[in-house]
Amino acid sequence: MPDATCHKPALDHLASPVDDRVARLTGVSATDAGAAPASTMTARILHWVMAILIVPMIPLGFVIADDWGGPLQEPLYDLHRSVGALIIPLVLLRLIWRWTHPPALLPHDIPEIQRFAAHATHWCLYALLIAQPIIGWIATSAYRAPITLLGWFELPPIWPENRPFSEQISAIHGLLGTVIAGLVAAHIAAALFHHFVRRDGILLRMISG
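Counting the sequence shown from 1 gives a position; the numbering used here is that position plus 41.
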């Protein structure tokens, strides 16, 4: 008499080579990551371009603020200003894309306090990443230092010359840089927690597609 028990067919052979490579590289299998739908290609590109620009800006800001650049101090200032100017349109584009293409919801079993922390961190980062370069632009304008965008063209000043005010606003710029550094560190720590502890595939949304 044939066995009446129903067995689900094995589907391991249907996993894509891309999923296999991601699993080997990240330590999270496609099964573990299956509950987390991937972000769109555009969202992933914007995310990683912004990460590549923003993360080095944090130590660079401390280097130039403390005059540790030596003979490279002025070129480092120029680089810092240029990247800051590029971040403004990138953040605005990221926000527009997020508004028109909402990301997938977090897994239902994440505690409410963690959901709140995740959303608060994201939106604080967005707000600061718009405000910070604008404040830097104001400070530079008040000092009347040039802002040359990667050597292509010079941005116009947006504030009257006032060097005492420039020093005050530069101090605020430095303080916000420290806050951004803390939020970025929290964001990275949360991503690693989801990947290595919860193993819920949240990090893979921005990696595997």
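Idealized CB from N, CA, C, for every residue including glycine.
Tell me, please, which residues DSSP counts as bridged to residue i.
{"i": "Leu190", "result": "Phe194"}
How many angstroms separate the CA atom of residue i from the CA atom of residue j?
{"i": "Leu166", "j": "Ala126", "result": "16 Å"}
{"i": "Ala181", "j": "Leu120", "result": "Before going further, note that residue 181 is Thr rather than Ala in the sequence given. In a straight line, the C-alpha of Thr181 is about 13 Å away from that of Leu120."}
{"i": "Asp108", "j": "Gln155", "result": "39 Å"}
{"i": "Gly223", "j": "Arg185", "result": "30 Å"}
{"i": "Leu101", "j": "Gly110", "result": "9 Å"}
{"i": "Val238", "j": "Glu153", "result": "18 Å"}
{"i": "Pro116", "j": "Trp164", "result": "32 Å"}
{"i": "Arg240", "j": "Trp178", "result": "41 Å"}
{"i": "Val104", "j": "Ile213", "result": "16 Å"}
{"i": "Val220", "j": "Ile99", "result": "10 Å"}
{"i": "Ala226", "j": "Arg139", "result": "22 Å"}
{"i": "Ser207", "j": "Tyr118", "result": "15 Å"}
{"i": "Pro143", "j": "Thr189", "result": "35 Å"}
{"i": "Pro197", "j": "His236", "result": "44 Å"}
Would you kindly check if the distance between the Cβ of residue j and the Cβ of residue i is under 8 Å?
{"i": "Leu131", "j": "Val96", "result": "no"}
{"i": "Gly215", "j": "Ala106", "result": "yes"}
{"i": "Ser123", "j": "Met247", "result": "no"}
{"i": "Ile176", "j": "Leu136", "result": "no"}
{"i": "Leu87", "j": "Leu133", "result": "no"}
{"i": "Pro187", "j": "Glu195", "result": "yes"}
{"i": "Ala230", "j": "Ile243", "result": "no"}
{"i": "Ile128", "j": "Leu169", "result": "no"}
{"i": "Thr162", "j": "His228", "result": "yes"}
{"i": "Ala183", "j": "Ile210", "result": "yes"}
Quick one: any contact between the stretch 142-154 and the stretch 197-205, if contact means 3 or more CB pairs under 8 Å?
-> In short, these stretches do not touch, since the Cβ pair count stays below three.
Which ranges would you report for the alpha helix (DSSP H) in the stretch 111-146 if only whole runs of at least 4 residues count?
-> Annotation note: the stretch 111-146 contains the following uninterrupted alpha helix (DSSP H) runs of length 4 or greater, listed N- to C-terminal: 114-141.
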